[in-house]
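Number of protein chains: 2
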Amino acid sequence: MIHFNISDILDADKFFRRNLINSLAGYKPAMLIGTKSNQGQENLAIFSQVFHIGATPPLLGVLFRPDSVERHTLQNIRENKHFTLNQTALDFTDKAHQTSARYATDQSEFEATGLTPEYKSGLFSPFVKESPLQIYCELAEEIALPINGTILVIGAIKDIFITEEMLTNDGFIDPSRGKVVAAVGLDAYYKPELITRYAYAKPDKKPETMN
Amino acid sequence: MIHFNISDILDADKFFRRNLINSLAGYKPAMLIGTKSNQGQENLAIFSQVFHIGATPPLLGVLFRPDSVERHTLQNIRENKHFTLNQTALDFTDKAHQTSARYATDQSEFEATGLTPEYKSGLFSPFVKESPLQIYCELAEEIALPINGTILVIGAIKDIFITEEMLTNDGFIDPSRGKVVAAVGLDAYYKPELITRYAYAKPDKKPETMN
């Protein structure tokens, strides 16, 4: 096996280090965050640092680096407390990735990439019409991590919209049925295939598949 | 599309809600955390809430629910400040899932599941020998999220061990080359296949693949 110790890591070329460290945690969602400013300016940006925080109440977390292109998204969330999360599917992965370009403040990434803003009755922020799994969130908490200034935004889930084919009888959502892609590192996208679901593990039983 | 509003979610059957909310964020890593108590008791547990926090210095975050089977892992990390992160590969996914069973305090999940503890020179905590991507971390920060008591453990990356086939020239690690699996929800595992890597996105350029 190849071994990098902390000196090797810190001495490495900056781009090499960034790719290496960003891909260590492996698979993550390619989630499009839709927001709108109070002046009506739409924003769409891809985020892969999105994760489950709790089921009751239902909460999701998103990590922001304040010095990046993500700043319009964070500004809008702070301004009106709402945002949408939209899973990326295989047929618009290129457009989803393109939202990471540094567009001007007055340019909508929806228009620039060709993704379609979708407004739902009574909800302020735009969804991505092409997405098979759309979530509406309200800002619940914002925490700055003392260690490096990364900002953890916790969203309270208010609405979930999902294609029928992805939802199974016990509430589990199979993203592969909606051709949802996974992201790795800063620029790689994957098409996952379901291997199996396992039954709840117990000490005195062997692993059992649920298929 | 099927629509769940917050009342539908809160009124749903507990297991349905747990499955639904846990699968919203989609793909995530199936990471085995290896620890050892100061008395020498080994512990191994699967975690899917593991994510990138920063590249310089290199940091990873792990979310813990304090009331769960994960408590031995957290106790050990607090006790001696070290832990390993090991990506799960296809040929031991069943054993990795089985580590989530509530084994007795004096039972090692390595022994119970048949995974092999591996000790590396100078490093306290056990790795999973079968894993193609192993990371050694030191506890850097622990933050309790006020909203629901979830604990965010931030680990400073000290060592990375990786099979040669997974590492690409620019530092990107392709987990699919090591047959690393993705997790979704509480019990589902996926085999991802690389679609493409995209070049750094710029406003005046169309998305370009790097293959």
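Same order as they appear, the protein sequences are chains S and U.
All letters in the first sequence, in the order written, are residues 193 to 403 by the numbering used here.
All letters in the second sequence, in the order written, are residues 193 to 403 by the numbering used here.
Ideal placement from N, C-alpha and C gives every residue a C-beta, glycine not left out.
Name, please, each residue of chain S whose Cβ falls closer than 8 Å to the Cβ of P395(U).
Under the 8 Å cutoff, chain S gives A293, R294, Y295, A296, Q299 and A304.
Return the CA-CA distance between F196(S) and Y328(U), expressed in angstroms with no decimal places.
So the two alpha carbons sit approximately 10 Å from each other.
Per DSSP, which one or two residues make a beta bridge with I238(U)?
Looking at the DSSP assignment, I238(U) forms a beta bridge with L224(U).
In three-state DSSP terms, what is R389(S)?
R389(S): strand per DSSP, three-state reduction.
What are the residues that DSSP puts in a beta bridge with V345(S)?
For V345(S), which the question treats as bridged, DSSP gives the partners V254(S) and E334(S).
Can you find at least 3 beta carbon pairs, one from the segment 280-289 of chain S and one from the segment 311-319 of chain S, that sit closer than 8 Å?
With the cut-off at 8 Å, the segment 280-289 of chain S and the segment 311-319 of chain S do not touch.
What would DSSP say about K383(S), mapped onto helix, strand or coil?
In the structure shown, K383(S) sits in a strand (DSSP, three-state: E or B).
Please compile the residues from chain S whose C-beta is within a distance smaller than 8 Å of the C-beta of R209(U).
The answer, in chain order, is A247, T248, P250 and G363.
Just verifying my parser: in three-state terms, what is the DSSP assignment at Q290(U)?
Note: Q290(U) maps to helix in three-state DSSP.
Under 8 Å: do the segment 235-254 of chain U and the segment 326-345 of chain U share three or more Cβ pairs, one atom per stretch?
Cβ pair count under 8 Å is three or more, so yes.
Output yes or no for whether 9 Å exceeds the beta carbon distance between E385(U) and E234(S).
Not a contact, by the Cβ cut-off of 9 Å.
For N268(S), tell me which candidate among I225(S), E400(S) and D200(S) has the shortest Cα-Cα distance.
It is I225(S).
Among the residues of its own chain, which have a CB less than 6 Å from the CB of S323(S), if the five just before and after it don't count?
Result list for S323(S): N278 and Q279, in chain order.
Please state whether DSSP places D366(U) in a helix, a strand or coil.
In the structure shown, D366(U) sits in coil (DSSP, three-state: anything other than H, G, I, E or B).
Please confirm if D379(U) has its CB atom under 9 Å from at least one CB of chain S.
Yes, contact with chain S.
So, are the CB atoms of R210(S) and A247(U) less than 9 Å apart?
Contact: yes.
Is any beta-carbon of chain U found at less than 9 Å from that of E234(S)?
Chain U, which has no Cβ nearer than 9 Å to the Cβ of E234(S), makes this no.
Quick check on V320(U) - is its C-beta less than 9 Å from some C-beta in chain S?
Output row for V320(U): interface = no.
According to DSSP, what are the bridge partners of Y328(S)?
Looking at the DSSP assignment, Y328(S) forms a beta bridge with T276(S) and D351(S).
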